[in-house]
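Since the structure comes first, as structure tokens, the remarks are kept for the end.
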Amino acid sequence: MSSLVRKFLKIHRILGLVLAINFLLLGLTGVVLVWRHELSPVHSVEQQSAFVSDQSSLSKIENYIHENEIYKDKKVLSIFKGDDGDIQARITEPGVEKFKGATRLKFDLAGNVLTSNQVKPTVFIDFVLKLHRELLLGGKGKILIGLMGVFFLVALLSGAFIANKFYRNVRTMNSRIMLGRLHKIIGVKTLAWLFIVTFTGAILAFNSTLIGLFLRGNVKAQQENAIVIENAKYVSVTTILKELESKLAHLEYDFISFPDNEFSVPNQFVVLMENESHHHEIAYIDGITGKLNRTVTLPWYLELLILSEPLHFGDYGGVILKIIWSLFGLISSFIPISGIYIFLFRKKYLVARSEQYNGNLISDVNISFTEILLPSLFVFVIFFVTSDFKWILSALFLVYLVFSWRDLIVFISSLRKKKRIQKESIS
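So the sequence shown is residues -5 to 421, counted in this note's numbering.
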């Protein structure tokens, strides 16, 4: 074994052991979050029965806030589309510019306020999301997750480098060698997916920091030169949408930041716009006249950030792709478990009497161009094609995985059959 391989083995072993529990936690919580929309659906009779325009729904939301005794004297910070198929509003006290600590209101797509009973089913998903995203540690937890993601990428690359050097031409078999071989095979089969999910997850961990830096930098010059009009009367959100629909008809709103907060310019609305082709622009609207002042295209790193979320959660290709993501998450959870067992119990518990191995238990797998390229192509092609073909490609992806993992599937089936026979013989 060369010195370079030894160094990569040491890196892989140290990082793998340090990150094992985190890897397992993120993998299992990620499987739950893949199905977050199904586990916490937002329903509305009006929403289900007929199409409701953005203008009418936002008008209803705006009227609710202004007419409600609790919120009518509050300051609206933003209105945006939530991740759970709802619309959310952030409101705070007059004169406050920070989003931190603001009250969050939830509405369905028709603009009807969601009661506590309707929002309650999301409590579990919200907990799992916070655990997955920030380890329940807030902003510092997100940065910690991001750094772990970077180190885990190093662990993946080091594992890929040494994979072809181990468990080749096995002539004897014991439990430790079997676990090591399964550790390697599952790692090879899931490497492309793990790299994509880890890379996008690391990017998403820094989303608040990156978006905040861009928006603050982009509006800072305008804030310094802006003419502040005290007690200005701002136009309604529906006026803003009418202006955007006439000037930027190819885009629709995703996030509306109201004037005079940390992410907007005095007397101006800042609106993040998007379309189905994953193109995004920021529109600046005069809050008094309701006229479009200018648009700004997002920099590449923010475009990458926005594209990373659906790639990370696998919720862009229908139910079949969600099943694939769940399978990957569950199967890859074996990697940290086997790694810990191999390291901690390698001398006492796992090394049973070695027996002659005829190669029939499970075929060996090495890192190859095909193992990396094909899964990656499926993931990205499904992401960029139109919705009419996503389910077809997702189905083909599932067929490919079954064919690619056939040896592993047969091996697991044989273990279950062997266990059943042993139980029958005992009884």
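Note that beta-carbon positions come from the ideal geometry of N, C-alpha and C, so glycine has one too.
- C-alpha gap between L20 and H126, whole angstroms: Rounded to the nearest angstrom, the two C-alpha atoms are 6 Å apart.
- Task: Give the straight-line distance between the Cα atoms of I156 and G195, rounded to the nearest whole angstrom.
- Result: A straight-line Cα-Cα distance of about 24 Å links I156 and G195.
- Roughly how many angstroms lie between the CA atoms of I406 and M267, to the nearest whole one? Between I406 and M267, the alpha-carbon positions lie close to 48 Å from each other.
- Which class does L52 belong to by DSSP, given the choice of helix, strand or coil? The answer is helix: DSSP assigns L52 an H, G or I state.
- Item | Bridge-paired residues (DSSP) for I250 | BP columns for I250 point to I73 and V265.
- So the beta strand (DSSP E) H274 belongs to, where does it begin and stop? Here the beta strand (DSSP E) through H274 covers H274 to D280.
- If we ignore side chains and look at the alpha-carbon of each, how far apart do L240 and K285 end up? It should be pointed out that residue 240 corresponds to Ser in this sequence rather than to Leu. The alpha-carbon atoms of S240 and K285 are separated by roughly 11 Å.
- Quick one: is L9 buried, meaning 16 or more other Cβ sit within 10 Å of its Cβ, or exposed? By the neighbour-count rule (16 or more Cβ atoms within 10 Å), L9 is buried.
- What are the partner residues of L286, as DSSP defines its beta bridges? Partner(s): I279.
- Which whole-angstrom value describes the C-beta separation of A199 and G143, a residue pair presumed to lie in contact below a C-beta threshold of 8 Å? Your pair A199 and G143 checks out as a contact, with CB atoms roughly 6 Å apart and the cut at 8 Å.
- Item | Exposure of H244, with buried meaning 16 or more beta-carbon neighbours within 10 Å | That one is exposed.
- Around the Cβ of R175, are there at least 16 other Cβ atoms within 10 angstroms (buried) or fewer (exposed)? The residue is buried, with at least 16 neighbouring Cβ atoms inside 10 Å.
- Query: What's the call for K227, buried or exposed, on a 16-neighbour Cβ count within 10 Å?
  - Reply: Answer is exposed; the Cβ neighbour count stays below 16.
- Message: Tell me which residues share the same chain as V290 and place their Cβ nearer than 7 Å to its Cβ, disregarding the 5 neighbours each side in the sequence.
- Response: So the qualifying residues of the chain are N212, E275 and I276.
- Message: Mapping the DSSP letters down to three states, classify V191 as helix, strand or coil.
- Response: Of the three classes helix, strand and coil, the one that applies to V191 here is helix, per DSSP.
- Message: So, with DSSP's three-state summary, where would you put T86?
- Response: It is a strand residue.
- Query: When the distance is taken between beta carbons, is S251 closer than 9 Å to L71?
  - Reply: The criterion of a C-beta distance shorter than 9 Å is satisfied by L71 and S251.
- What separation, rounded to the nearest whole angstrom, lies between the Cα atoms of L11 and I318? Distance between the alpha carbons of L11 and I318: 27 Å.
- Item | Identity of the residue in L368, K413, S381 and D382 nearest V393 by Cα | Comparing Cα positions, the closest option is L368.
- DSSP-derived helix/strand/coil call for V25: Helix, per DSSP.
- Query: Between E246 and I279, is the Cβ-Cβ spacing less than 9 Å?
  - Reply: 9 Å or more divides the Cβ of E246 from the Cβ of I279.
- Query: Of the choices E256, G311, F189 and G89, whose alpha-carbon is the least far from that of R210?
  - Reply: The shortest C-alpha separation from R210 is found at E256.
- Query: When the distance is taken between beta carbons, is L305 closer than 9 Å to V191?
  - Reply: In this structure, L305 lies closer than 9 Å to V191 by Cβ.
- Task: Measure the alpha-carbon distance for W385 versus L204 and round it to whole angstroms.
- Result: Distance between W385 and L204, taken at the CA atoms: about 33 Å.
- Item | Where K316 sits in the DSSP three-state scheme | Correct three-state label for K316: helix.
- For the alpha helix (DSSP H) containing K100, list its first residue and its last residue. The continuous stretches of alpha helix (DSSP H) do not include K100, which lies in the beta strand (DSSP E) extending over residues T97 to F101.
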